[in-house]
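In the UniProt record's numbering, the protein residues as written are 1 to 74.
Beneath this line is the structure, given in structure tokens, with notes to follow.
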Amino acid sequence: LISLDQCSFEESCSCYRMALPTDIITVPAEEVWFNAPCLSEQVTALKLSNPGNRLLGYRVVSKVENRYVVLPSQ
1 LISLDQCSFE
11 ESCSCYRMAL
21 PTDIITVPAE
31 EVWFNAPCLS
41 EQVTALKLSN
51 PGNRLLGYRV
61 VSKVENRYVV
71 LPSQ
């Protein structure tokens, strides 16, 4: 076990082993498409799963502010 104060800057990446992109399963697997123009509300689901034992974090980024809503937001 390595404590944070024992890690050098170069070793800090190995202190916490995050999940690799290949460790994350998404459904749909590749992309989420919306039909444009968006004249009515469109809803789709994105399922993220972590089959491994490493930590998993996610973030959804929208380049068009206030156009896409992601729930749960926290």
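Every residue gets a Cβ at the ideal spot worked out from N, C-alpha and C, and that includes glycine.
Which residues bound the beta strand (DSSP E) around residue i?
i: residue 26; result: 25-27
i: residue 47; result: 47-49
Among the residues of its own chain, which have a CB less than 7 Å from the CB of residue i, if the five just before and after it don't count?
i: residue 25; result: 49 and 51
My output table needs one value for residue i: the three-state DSSP class, helix, strand or coil.
i: residue 39; result: coil
i: residue 56; result: coil
Residue j and residue i - do their beta-carbons sit closer together than 8 Å?
i: residue 47; j: residue 27; result: yes
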